[in-house]
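Residue numbers (the numbering used here): 96 to 558.
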């Protein structure tokens with residue numbers, strides 16, 4: 096109890112009476128931070144609490160870690176006094192140094208964050224159009240700002256603390272206060288497992304000017320939207336940002352940042368979901384820069400394992416006039432892509448869309464290749480998808496004309512193609528089915544060995 100009273104006295108010593116209107120809620124949270132203290136009478140309680148927080152600064156960011164071995168200063172005295180705000184700039188810059196270490200580790204090179212990003216605590220001018228910036232109750236150049244910023248950030252990065260801070264955002268005065276405290280560490284907040292929830296809630300309560308400030312912090316001087324999109328929790332925050340800015344002209348800045356790094360995001364197992372969020376939430380006109388990049392990068396992406404999966408999802412989601420342009424690009428190159436270990440998945444995806452014009456173009460481009468494709472692992476999947484659409488007669492006629500039908504039926508991959516041809520023709524093209532059965536029965540003995548037995552089994556079941 097004495098520690099709680101001491102903390103309250105410290106708060107009251109650094110704020111004016113007129114500001115106390117926002118503190119009942121905040122002060123009510125203070126006992127929570129003391130619950131884990133097994134020795135409330137110990138004068139080193141607060142020092143221990145901050146020491147534990149600082150020593151744990153090797154924080155996980157998925158597979159990344161923050162390292163800061165020397166610059167962190169203990170912002171509490173050995174007497175357990177609440178940290179002096181005048182001495183908290185050290186911790187503030189240590190946080191910046193920590194994220195710099197994270198960024199350096201991620202990019203593999205030294206990153207100069209520049210003075211305008213973190214060091215200028217007086218920055219509040221929105222975008223470069225000169226519009227007046229948001230003025231918080233406690234401006235960031237206050238001598239006390241960084242002291243409470245550090246305390247709030249530490250609290251936000253715990254599950255319970257994050258929930259408690261979110262509750263305070265229902266009050267506009269508290270919302271402005273919290274915004275001013277976390278603004279300098281907004282990137283650190285959005286990529287944290289618990290902190291991201293406060294960031295997302297803050298986005299919902301922020302006004303247009305505050306959103307401008309957040310956006311510039313994420314884009315100048317580095318594209319933190321891209322870096323955050325590659326992280327599990329950061330990508331969730333960016334998706335929330337996209338949803339909040341859906342009807343705002345500010346969304347164009349987010350789309351520009353994503354389009355500039357489109358290829359890297361699409362090749363990333365986490366980053367591509369941010370692109371998908373744009374396609375799911377925003378209209379085709381807003382997404383046009385992404386659609387243009389998709390067409391430019393398409394043939395490169397589909398030859399990459401993750402890129403091919405991402406492009407398949409992109410093809411399904413794309414809307415507007417660019418959709419047919421992208422489908423046409425894939426269809427024109429279908430003969431090449433069908434033989435590619437990863438590109439074939441995108442061809443299959445386009446065929447499954449059942450677009451008559453695009454499928455007709457694919458089937459025409461694949462003519463003369465069906466037999467060869469049937470005996471390869473990747474190509475056999477494409478041929479089977481042709482059977483399942485309007486390309487059935489084209490493929491079967493080519494197989495009937497070929498003298499390699501038996502070889503295809505005995506192939507480890509081709510036997511699946513022949514099985515599908517028999518089953519689908521039985522349902523839809525009985526005349527072609529009869530011709531196929533007659534030709535296969537002429538080589539009954541050859542099919543009694545190896546993979547050919549699978550074809551004979553299907554023949555018997557369909558009789």
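The C-beta atom is built at its ideal place from N, Cα and C for all residues, glycine as well. The model shown is predicted, which means the values in this text are computed figures rather than measured ones.
- Query: Nearest to residue 279 by alpha carbon, out of 247, 392 and 529?
  - Reply: The sequence position of residue 279 within the chain shown is 184, counting from 1. If we check each option's Cα against that of residue 279, 247 comes out closest.
- Message: Below 8 Å, how does it come out for the segment 453 to 460 and the segment 501 to 518: are there three or more Cβ pairs, yes or no?
- Response: The answer is no - the segment 501 to 518 does not touch the segment 453 to 460, with fewer than three Cβ pairs under 8 Å.
- Query: Does DSSP put residue 274 in a helix, in a strand, or in coil?
  - Reply: Reading the chain shown from its first residue, position 179 is the one you call residue 274. In the structure shown, the three-state DSSP call for residue 274 is helix.
- Return the residue from the list 389, 402 and 436 that minimises the CA-CA distance to residue 422. Taking the first residue of the chain shown as position 1, residue 422 is located at position 327. It is 389.
- Assign residue 499 to one of three DSSP states: helix, strand, or coil. If you number the chain shown from 1, residue 499 lands on position 404. Residue 499 falls in the coil class under three-state DSSP.
- Task: Report all residues from its chain with a CB closer than 7 Å to the CB of residue 336; omit the five preceding and five following residues, and keep chain order.
- Result: Counted from its first residue, the chain shown places residue 336 at position 241. If we look at residue 336 and ignore the five residues flanking it on each side, its Cβ neighbours are 298 and 349.
- Query: What is the residue span of the alpha helix (DSSP H) that residue 398 lies within?
  - Reply: Here residue 398 refers to the residue found at position 303 of the chain shown. Note, residue 398: premise wrong, no alpha helix (DSSP H); not H, not E.
- Message: Quick check on the burial criterion: 16 or more other C-beta atoms within 10 angstroms. Buried or exposed for residue 291?
- Response: For the purposes of this step, residue 291 is taken as the residue at position 196 of the chain shown. Counting other Cβ atoms within 10 Å of its Cβ, residue 291 reaches 16 or more and is therefore classed as buried.
- Message: Quick check: the Cα distance between residue 344 and residue 405, rounded to an integer number of angstroms?
- Response: Here residue 344 is taken as the residue at index 249 of the chain shown, counted from 1. Here residue 405 is taken as the residue at index 310 of the chain shown, counted from 1. Distance between the alpha carbons of residue 344 and residue 405: 27 Å.
- Item | Opening and closing residue of the alpha helix (DSSP H) in which residue 511 lies | Your numbering for residue 511 matches position 416 in the chain shown. Element bounds for residue 511: 509 to 523.
- Item | For residue 394 and residue 353, believed in contact at Cβ under 8 Å, the rounded distance | Locating residue 353 in the chain shown gives position 258, where the first residue counts as 1. Locating residue 394 in the chain shown gives position 299, where the first residue counts as 1. Not a contact, Cβ separation roughly 20 Å.
- Using the beta-carbon count (16 or more within 10 Å), is residue 443 buried or exposed? Position 348 of the chain shown, counting from 1, holds the residue named residue 443. The Cβ neighbour count for residue 443, taken over all protein chains shown within 10 Å, is at least 16; the residue is labelled buried.
- In terms of residue numbering, what span does the alpha helix (DSSP H) encompassing residue 453 cover? To locate residue 453, count along the chain shown from 1; it is residue 358. Run containing residue 453: 451 to 461, per the alpha helix (DSSP H) assignment.
- Query: Where does residue 434 sit, in a helix, a strand or coil, going by DSSP?
  - Reply: Taking the chain shown and counting its residues from 1, one reaches residue 434 at position 339. It is coil, neither helix nor strand.
- Start and end of the alpha helix (DSSP H) containing residue 539? Along the chain shown, one-based indexing puts residue 539 at 444. That residue, residue 539, is in no alpha helix (DSSP H); it is neither H nor E in DSSP.
- Look at residue 368 and residue 403 and say whether their C-beta atoms are less than 8 Å apart. Within the chain shown, numbered from 1, the residue matching residue 368 stands at position 273. Within the chain shown, numbered from 1, the residue matching residue 403 stands at position 308. Judged by beta-carbon spacing, residue 403 lies beyond the 8 Å limit of residue 368, meaning their Cβ atoms are not closer than that value.
- Item | residue 448 classed as buried or exposed, judged by whether at least 16 other C-beta atoms fall within 10 angstroms | Here residue 448 corresponds to residue number 353 of the chain shown, with the count starting at 1. Classification of residue 448: exposed, given that the 10 Å Cβ count is below 16.
- Query: The alpha helix (DSSP H) with residue 419 in it runs from where to where?
  - Reply: Mapped onto the chain shown, residue 419 falls at position 324. Run containing residue 419: 417 to 427, per the alpha helix (DSSP H) assignment.
- Is residue 509 buried or exposed, if buried means 16 or more other CB atoms sit within 10 Å of its CB? Taking the first residue of the chain shown as 1, we reach residue 509 at position 414. So residue 509 ends up on the buried side.
- Message: Between 514, 474, 519 and 451, which has its C-alpha nearest residue 429's C-alpha?
- Response: On the chain shown, residue 429 is found 334 positions in, with the first residue counted as 1. In this structure, 474 is the residue among 514, 474, 519 and 451 with its C-alpha nearest to the C-alpha of residue 429.
- Hey, would you say residue 366 sits closer than 8 Å to residue 374, going by beta carbons? Counting from one through the chain shown, the residue named residue 366 turns up at place 271. Counting from one through the chain shown, the residue named residue 374 turns up at place 279. Going by C-beta atoms, residue 366 is not nearer than 8 Å to residue 374.
- Message: Going by beta-carbon coordinates alone, are residue 494 and residue 554 separated by less than 8 Å?
- Response: Against the chain shown, residue 494 aligns to sequence position 399. Against the chain shown, residue 554 aligns to sequence position 459. Their beta carbons are not under 8 Å apart, which means residue 494 does not touch residue 554 by this criterion.
- Item | Where the alpha helix (DSSP H) containing residue 287 begins and where it ends | For the purposes of this step, residue 287 is taken as the residue at position 192 of the chain shown. Boundaries for residue 287: no alpha helix (DSSP H) harbours it, and the DSSP string shows neither H nor E there.
- Rounded to a whole number of angstroms, what is the C-alpha to C-alpha distance between residue 274 and residue 314? Within the chain shown, numbered from 1, the residue matching residue 274 stands at position 179. Within the chain shown, numbered from 1, the residue matching residue 314 stands at position 219. When rounded, the separation of the alpha-carbon atoms in residue 274 and residue 314 is 18 Å.
- For the segment 286 to 325, list the alpha helix (DSSP H) runs that are entirely contained and at least 4 residues long, ordered along the chain. Taken in chain order, the whole alpha helix (DSSP H) runs of length 4 or more contained in the segment 286 to 325 are 290 to 300, 303 to 314 and 319 to 324.
- Item | Coil, strand or helix - residue 472 by DSSP | The residue labelled residue 472 in the question sits at position 377 within the chain shown. Looking at residue 472 - three-state DSSP - the assignment turns out to be helix.
- Same chain, Cβ closer than 8 Å to residue 431, neighbours up to 5 away in sequence not counted: Along the chain shown, one-based indexing puts residue 431 at 336. Same-chain partners within the cutoff: 438.
- Could you give the distance in angstroms between the alpha-carbon of residue 130 and the alpha-carbon of residue 293? Here residue 130 corresponds to residue number 35 of the chain shown, with the count starting at 1. Here residue 293 corresponds to residue number 198 of the chain shown, with the count starting at 1. Note that residue 130 scores a pLDDT of 38, beneath 50, so its modelled location is shaky; the value from the coordinates is reported in the next line. Each residue's Cα considered, the two are about 22 Å apart.
- Task: With a cut-off of 8 Å on the beta carbons, I'd call residue 401 and residue 357 a contact; round off their distance for me.
- Result: Within the chain shown, the letter at position 306 stands for residue 401. Within the chain shown, the letter at position 262 stands for residue 357. The C-beta separation of residue 401 from residue 357 comes to about 14 Å, leaving the pair out of contact by the 8 Å criterion.
- How would you label residue 341, buried or exposed, when you count the other beta carbons within 10 angstroms and need 16 or more for buried? What you label residue 341 is simply residue 246 of the chain shown in a count that begins at 1. With fewer than 16 other Cβ atoms inside 10 Å of its own Cβ, residue 341 counts as exposed.
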